[in-house]
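Protein sequence lines, in the order shown, are assigned to chains F and U. Offset between the first sequence (1-based) and our numbering: plus 10. Offset between the second sequence (1-based) and our numbering: plus 12. What follows is one structure encoded as structure tokens, with my remarks underneath.
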Amino acid sequence: MKGSFCTGAWVKTVACLTTGLWLLYACKPKPSPDANTETAAAQQMDSLYKLSNSNMVAGRFETGIVPCRQGIALAEAHHNDTMLVKLYSNLELYYHYRKPPDRDSVAYYLQLLLKHAYRSGDKRILMFALGKKSGWFTTQSRYDSVIATSRQRLLLAKELGDEVITLETQMEIGYAYEQKGDDDTALQCYNSALDIYTSLKEQYGRDTVSKAVKKLSFLYAQLLDNFSDYFFRQKDYVKSLDYLKEREASLSPQRRAHNPGLFISMGDCFEMLGQPDSAMKYYRTALQHVEESWYFRRFYVIAGRKYGALLVKRGRVKEGESYLAQSLRSARESNEPQLVVDGRVALAESFARQRQWRIAQDTLFAAAELAKKINSKAALASVYRSLYEIYTQEKDYERALQYSNLFHAYADSITSAQQRQTVAEMDAKYQAFKKSQQIALLQKDNRIQQLQLTAARRLKLFYISGGIVSLVLLGAFYYYRQQQQRRRLQRMKAELETKALRAQMNPHFIFNSLNAIQELVMTENYTASCEYLSRFSKLMRMVLEASEKNFHPLRAEIEITRLYIELESLRFRHLFRYSIRLPEAIDADSISFPSLLLQPFVENAIWHGLLQKEGVKELEVTFSEKENRLTCAISDNGIGREKAQLIKMRKLGAHQSGSKGIPATRERLEILKAAGECSGDISISDRLDDDGHVAGTLVEITIVFNENSNHDQDTYHR
Amino acid sequence: MTRILIIDDEAAASNVLRLLIEKHIAGEKEISVCNHPAGAFEAIAGFRPDLIMLDIEMPHLNGFDLLNQLGSWDFDVIFTTAYDRYAIKAIRFSALDYLLKPIDIADLQNAVYRHIALRGSKTAPKEVLVSNLMSNLHQKDPSAFRIALSTMEGYYFFPPRDIIRCEGNDNYTRFYLVSGKELLVSRTLKDFEEILADHDFVRVHKSHLLNMSYVTRFDKEGLIWLSNGVSIPVSRRKRTQIVQYFEGTA
Numbered sequence: 011m012k013g014s015f016c017t018g019a020w021v022k023t024v025a026c027l028t029t030g031l032w033l034l035y036a037c038k039p040k041p042s043p044d045a046n047t048e049t050a051a052a053q054q055m056d057s058l059y060k061l062s063n064s065n066m067v068a069g070r071f072e073t074g075i076v077p078c079r080q081g082i083a084l085a086e087a088h089h090n091d092t093m094l095v096k097l098y099s100n101l102e103l104y105y106h107y108r109k110p111p112d113r114d115s116v117a118y119y120l121q122l123l124l125k126h127a128y129r130s131g132d133k134r135i136l137m138f139a140l141g142k143k144s145g146w147f148t149t150q151s152r153y154d155s156v157i158a159t160s161r162q163r164l165l166l167a168k169e170l171g172d173e174v175i176t177l178e179t180q181m182e183i184g185y186a187y188e189q190k191g192d193d194d195t196a197l198q199c200y201n202s203a204l205d206i207y208t209s210l211k212e213q214y215g216r217d218t219v220s221k222a223v224k225k226l227s228f229l230y231a232q233l234l235d236n237f238s239d240y241f242f243r244q245k246d247y248v249k250s251l252d253y254l255k256e257r258e259a260s261l262s263p264q265r266r267a268h269n270p271g272l273f274i275s276m277g278d279c280f281e282m283l284g285q286p287d288s289a290m291k292y293y294r295t296a297l298q299h300v301e302e303s304w305y306f307r308r309f310y311v312i313a314g315r316k317y318g319a320l321l322v323k324r325g326r327v328k329e330g331e332s333y334l335a336q337s338l339r340s341a342r343e344s345n346e347p348q349l350v351v352d353g354r355v356a357l358a359e360s361f362a363r364q365r366q367w368r369i370a371q372d373t374l375f376a377a378a379e380l381a382k383k384i385n386s387k388a389a390l391a392s393v394y395r396s397l398y399e400i401y402t403q404e405k406d407y408e409r410a411l412q413y414s415n416l417f418h419a420y421a422d423s424i425t426s427a428q429q430r431q432t433v434a435e436m437d438a439k440y441q442a443f444k445k446s447q448q449i450a451l452l453q454k455d456n457r458i459q460q461l462q463l464t465a466a467r468r469l470k471l472f473y474i475s476g477g478i479v480s481l482v483l484l485g486a487f488y489y490y491r492q493q494q495q496r497r498r499l500q501r502m503k504a505e506l507e508t509k510a511l512r513a514q515m516n517p518h519f520i521f522n523s524l525n526a527i528q529e530l531v532m533t534e535n536y537t538a539s540c541e542y543l544s545r546f547s548k549l550m551r552m553v554l555e556a557s558e559k560n561f562h563p564l565r566a567e568i569e570i571t572r573l574y575i576e577l578e579s580l581r582f583r584h585l586f587r588y589s590i591r592l593p594e595a596i597d598a599d600s601i602s603f604p605s606l607l608l609q610p611f612v613e614n615a616i617w618h619g620l621l622q623k624e625g626v627k628e629l630e631v632t633f634s635e636k637e638n639r640l641t642c643a644i645s646d647n648g649i650g651r652e653k654a655q656l657i658k659m660r661k662l663g664a665h666q667s668g669s670k671g672i673p674a675t676r677e678r679l680e681i682l683k684a685a686g687e688c689s690g691d692i693s694i695s696d697r698l699d700d701d702g703h704v705a706g707t708l709v710e711i712t713i714v715f716n717e718n719s720n721h722d723q724d725t726y727h728r
Numbered sequence: 013m014t015r016i017l018i019i020d021d022e023a024a025a026s027n028v029l030r031l032l033i034e035k036h037i038a039g040e041k042e043i044s045v046c047n048h049p050a051g052a053f054e055a056i057a058g059f060r061p062d063l064i065m066l067d068i069e070m071p072h073l074n075g076f077d078l079l080n081q082l083g084s085w086d087f088d089v090i091f092t093t094a095y096d097r098y099a100i101k102a103i104r105f106s107a108l109d110y111l112l113k114p115i116d117i118a119d120l121q122n123a124v125y126r127h128i129a130l131r132g133s134k135t136a137p138k139e140v141l142v143s144n145l146m147s148n149l150h151q152k153d154p155s156a157f158r159i160a161l162s163t164m165e166g167y168y169f170f171p172p173r174d175i176i177r178c179e180g181n182d183n184y185t186r187f188y189l190v191s192g193k194e195l196l197v198s199r200t201l202k203d204f205e206e207i208l209a210d211h212d213f214v215r216v217h218k219s220h221l222l223n224m225s226y227v228t229r230f231d232k233e234g235l236i237w238l239s240n241g242v243s244i245p246v247s248r249r250k251r252t253q254i255v256q257y258f259e260g261t262a
């Protein structure tokens, strides 16, 4: 069956809605000069209506209903009939598309809407209301009422000189006659519609932007659909396809997705022309182009049904039946009995193909019941034809004949010789109109050709530039990855370094120093406390500065060492003697030395060598240089490593608080070596006295500078 | 009359402590200072202190060693240290007092006054606390450490594995033990959260600290079920942390 049979009703509903909006903008209620509050209320109502309408059009009914109800309350309070008509139309729309639809409410609000439209005395509003009413009758398949209402509307439109509405109303009436099976009158209506369109088209000329023109081309598209329908029913599928192609050509690419019905119709033509592959292609296109909105659901139903039926015919039964079942489900949801009938027929045919006669017949009987209820001759014809076919296949010839007769009776009422004549007349008229358009079309063709040429050139350029760009991108990506890896390695190194550095300045030293200062303050020894404090802060500042670098001048390293020893010596009341020896030959300002390398060793010498010992305690730090080797010797006359280790081991609760400074320093030297900056070596040995007894510890730190390494103080500075 | 002995190898440190006590601790007191850990035994025997302010970090003999060598204690101890995470952990675990150097006057007052206040009461014998600290320090296995819990009826010592959960209520914490016993301790849940953090205890809620080894289930409603059949709510903010905990151990 033809897909666009029922399209009209739906297209009309939306058309009504948009026309309504358009019309009502044109006739906003005039504010009465004596009441400012009235104006404010009117504005508020208007904005509520607009908010509601925009939500409704977008299919967000539940959101749209809220401002609508608020607006109604306001409009009723102000006795604003015009506004009430608008708002009731939205309320009616809400109940119509709600799940499940509330037909009683729809009828009720339509009545209210009409009442207020008459009361308002505004003819445009009345025209709008009548449009709503005829739309409602269309969905109810009450075509006589549609015709009566639309005639009333047609008179109003003519009176107001609104030719677009005249055209629309003519088409509505035609559609109603068509549905009633009275094709003769329908064609007369379409003829006059085409006349109006032709004259309007000339009138508007080259204008393609204004709302009226958009509406006009919308109606024209519908008219083309109607024409193609006729030829389809006349079994002139080639011609029907021509009209559809004309329609397709008038579509902009963006609008293609909004016209699934067109593709369905084209698929129908191809199917009838015996080209199932092309037909399936178009059905599939339609299915793919159907949007997920309430408005397009019926197209989804039709396309799915037809695609499924074709699949079944080609032997892909399972796949096809799933499409059919899905389509029937959606049909039920869509609240259109005609669609349900068609869906059942298609499913029955699929069952029959698999020789499941009983299920097929039951399905068809149910479809016939529904078709009778909605008084659709076309639907009944299709059901009877299917029944006839099934009984024939089942070899029940008596019943087959019975349904064959029924089918022909209905089918004949649809097409008649008289109609054919009218069609010829209409076709001639259309051809004449088409000729007048041809010149414009030719010009358009020329332009299209030009555009295509440029497009081809552009495509070539695109491929070449695309290739270059992707190569560059690949290269950039590779480079970026490399860089990232290098950066990650560097960051890892930096982290390791700072971690090692942090471990070096023992918190013990910091807090003990502060404690010593506290004591000096408590004993009111202000000069000493000042001195202590300034030295401590100087050391802290230098350590902070050094901890940001890997290298600093040897001078700075010596200064840190000196300050540290001095502070510890002060704290222990000069318990030990110390000396730092730097030969004149060494240029301490220009040699860069790994920062904060020496302090942990000095700390170790004081705490674990000297403080454990009785008697004279001495600490010596001596620097010496030989070629590119710089050696720093830290020597104490303490108790020696072995004893210190023993004491350390023996201490309770000390097994987790061991010094981390020296291992950290070794680790750091390894990193520096790996980085190729310098190599370092730490050797720790016992000092022996004349009798061969251990008399202290000697730590020798040797730094070998690479000939080529030219490390500025900030070489590895992050 | 309170007899206070300060033991610190650094003269400066002991000096500052003495001055602070003299200046900021009210009441009758007698202070003695010992700068040589080796001479501490004689000082203790001669001075017979009620309270010893004992430095932990000393050459030759640290504060813990000194106590260890004493063997018996009929005095209270307040430890002093500049910085020693491990030692502080051990001290808190054993419910003993400590002061950080440089000394804060308010901290000093709190610790000393608490000592003075408790001296008269029945719960006075702090030797048990010190002896528990000593046994903890000798333990190589941290899971065998015993936590000291001070209650109204005296001190209790339990390894953390005997505790199923703790429930906080203002300044009190209620302990639920494996044996079924309940103890009310006058310290905040936050204290115990810190003390028990290394022993697989997790704060799952504002007022709940759980021994995770007794958790049997974490359900979708956000409840943690313990092996004794009790369910504990997990606060919304902690849920991801708990999930991570289970994923980490799984």
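Glycine residues also receive a C-beta, built at the ideal position from the N, C-alpha and C atoms.
Please list, in chain order, the residues of the stretch 146 to 175 of chain U that have any C-beta partner in chain F closer than 7 Å. Those would be L149, in chain order.
Chain-ordered residues of the stretch 511 to 542 of chain F with a beta carbon less than 7 Å from chain U: P517, H518, F521, N522, L524, N525, A526, Q528, E529, M532 and T533
Neighbour list for R583 of chain F in chain U, Cβ cutoff strictly below 7 Å: In the first sequence, counting from the first residue as 1, residue 583 of chain F sits at position 573. Simply A23.
Is P49 of chain U close to chain F? Criterion is C-beta to C-beta, closer than 7 Å. Residue numbering aside, residue 49 of chain U sits at position 37 when the second sequence is read from its first letter. So, not an interface residue.
On the DSSP bridge list, what partners appear for W237 of chain U? As a working note, residue 237 of chain U is residue 225 in the second sequence. The partner list for W237 of chain U (beta bridge, DSSP) reads U:R229 and U:S243.
At a CB-CB cut-off below 9 Å, which residues of chain U make contact with Q622 of chain F? On the first sequence, position 612 is the one that residue 622 of chain F refers to. Here the neighbours are P71 and H72.
Could you name the residues of the same chain whose beta carbon sits closer than 7 Å to that of M282 of chain F, not counting the 5 residues immediately before and after it, in chain order? What you label residue 282 of chain F is simply residue 272 of the first sequence in a count that begins at 1. These residues qualify, in order along the chain: Y247.
Could you tell me whether the Cβ atoms of I43 of chain U and I56 of chain U are closer together than 7 Å? The residue labelled residue 43 of chain U in the question sits at position 31 within the second sequence. The residue labelled residue 56 of chain U in the question sits at position 44 within the second sequence. Contact flag unset, no.
Let me check one thing: in DSSP terms, what residues is N181 of chain U bridge-paired to? On the second sequence, position 169 is the one that residue 181 of chain U refers to. Partner(s): U:Y184.
Given that a residue counts as buried once 16 or more other Cβ atoms are within 10 Å of its Cβ, and exposed if not, what is Q493 of chain F? By 1-based counting over the first sequence, the position of residue 493 of chain F is 483. Exposed, since its Cβ has fewer than 16 Cβ neighbours within 10 Å.
For A654 of chain F, is the classification buried or exposed, using 16 other Cβ atoms within 10 angstroms of its Cβ as the cut-off for buried? The sequence position of residue 654 of chain F within the first sequence is 644, counting from 1. By the neighbour-count rule (16 or more Cβ atoms within 10 Å), A654 of chain F is buried.
Helix, strand or coil for H618 of chain F, going by three-state DSSP, please let me know. For the purposes of this step, residue 618 of chain F is taken as the residue at position 608 of the first sequence. H618 of chain F: helix per DSSP, three-state reduction.
D77 of chain U: contacting residues in chain F (beta-carbon distance under 7 Å): Numbered from its first residue, the second sequence carries residue 77 of chain U at position 65. Residues of chain F with a Cβ closer than 7 Å to the Cβ of D77 of chain U are, in chain order, K661 and L662.
Which chain F residues sit within Cβ distance under 7 Å of V214 of chain U? In the second sequence, residue 214 of chain U corresponds to position 202, counting from 1. Within 7 Å Cβ-Cβ: nothing; V214 of chain U doesn't reach chain F, min ~23 Å.
Please confirm whether N27 of chain U has its beta-carbon closer than 7 Å to some beta-carbon of chain F. The residue you call residue 27 of chain U lines up with position 15 of the second sequence. Yes, because at least one Cβ of chain F sits closer than 7 Å to the Cβ of N27 of chain U.
L471 of chain F by DSSP, collapsed to three states: which one? What you label residue 471 of chain F is simply residue 461 of the first sequence in a count that begins at 1. Helix at L471 of chain F.
Positions along the stretch 97 to 120 of chain U whose CB lies within less than 8 Å of some CB in chain F: R97, Y98, A99, A102, L112, K113, P114 and I115
Where in the stretch 563 to 641 of chain F do unbroken runs of the beta strand (DSSP E), each at least 3 residues long, occur, reported from the N-terminal end onward? 587 to 591, 602 to 604 and 628 to 636
If contact is defined by three or more beta carbon pairs under 8 Å, each pair taking one atom from either stretch, is the stretch 619 to 628 of chain F in contact with the stretch 636 to 652 of chain F? yes
How would you list, in chain order, the residues of chain F whose beta-carbon sits under 7 Å from the beta-carbon of N80 of chain U? Counted from its first residue, the second sequence places residue 80 of chain U at position 68. The contacting residues are L662.
Option nearest V28 of chain U by Cα separation, candidates F:E529, F:R491 and F:R678: On the second sequence, position 16 is the one that residue 28 of chain U refers to. Out of F:E529, F:R491 and F:R678, F:E529 has the C-alpha closest to the C-alpha of V28 of chain U.
Distance between H88 of chain F and E379 of chain F (C-alpha atoms, nearest Å): Within the first sequence, numbered from 1, the residue matching residue 379 of chain F stands at position 369. Within the first sequence, numbered from 1, the residue matching residue 88 of chain F stands at position 78. Taking the straight line joining both Cα atoms gives about 49 Å.
Three-state secondary structure (DSSP) of N223 of chain U: By one-based count along the second sequence, residue 223 of chain U stands at place 211. In the structure shown, N223 of chain U sits in a strand (DSSP, three-state: E or B).
Can you confirm whether the stretch 631 to 650 of chain F touches the stretch 705 to 717 of chain F when touching is taken to mean that 3 or more C-beta pairs between the two stretches lie within less than 8 Å? yes
According to DSSP, which residues form a beta bridge with V89 of chain U? Looking up residue 89 of chain U in the second sequence gives position 77. Answer is U:I64, bridged to V89 of chain U.
Closer than 7 Å by C-beta to I657 of chain F: which residues in its own chain qualify, once you throw out the five before and the five after it? Chain order, please. Along the first sequence, read from residue 1 onward, the residue named residue 657 of chain F stands at position 647. Hits under 7 Å: Q622.
CB-CB under 8 Å to M137 of chain F, same chain, minus the five flanking residues each way: which ones, in chain order? Taking the first residue of the first sequence as 1, we reach residue 137 of chain F at position 127. The answer, listed in chain order, is L33, R163, L166, A167, L170, D172 and I175.
Chain F contact residues for A94 of chain U, given Cβ-Cβ distances below 7 Å: By 1-based counting over the second sequence, the position of residue 94 of chain U is 82. Chain F residues near A94 of chain U: H518, F521, N522 and N525.
Buried or exposed: where does D231 of chain U fall if 16 or more other Cβ atoms within 10 Å of its Cβ makes it buried? Locating residue 231 of chain U in the second sequence gives position 219, counting from the first residue. Exposed, since its Cβ has fewer than 16 Cβ neighbours within 10 Å.
Could you check which residue in F:V631, F:T179, F:S605 and F:K190 has the C-alpha nearest to that of F200 of chain F? On the first sequence, position 190 is the one that residue 200 of chain F refers to. Reading off the sequence shown, one finds Tyr at residue 200 of chain F, where the question assumed Phe. Among F:V631, F:T179, F:S605 and F:K190, the Cα nearest to that of Y200 of chain F belongs to F:T179.
Give the DSSP-derived three-state secondary structure of L17 of chain U in the structure shown. Within the second sequence, the letter at position 5 stands for residue 17 of chain U. Under the three-state reduction of DSSP output, L17 of chain U falls in the strand class.
Would you call D21 of chain U buried or exposed, if buried means 16 or more other Cβ atoms sit within 10 Å of its Cβ? Sequence index remark: in the second sequence, residue 21 of chain U carries index 9 (1-based). It is buried - the Cβ of D21 of chain U has at least 16 other Cβ atoms within 10 Å.
Element boundaries [alpha helix (DSSP H), containing K41 of chain U]: As a first step, residue 41 of chain U must be located in the second sequence, where it is residue number 29. Careful: K41 of chain U lies outside any alpha helix (DSSP H), inside the beta strand (DSSP E) at K41 to C46.
Contact set between L32 of chain U and chain F, taken where Cβ atoms lie within less than 8 Å: Here residue 32 of chain U refers to the residue found at position 20 of the second sequence. Result: M532.
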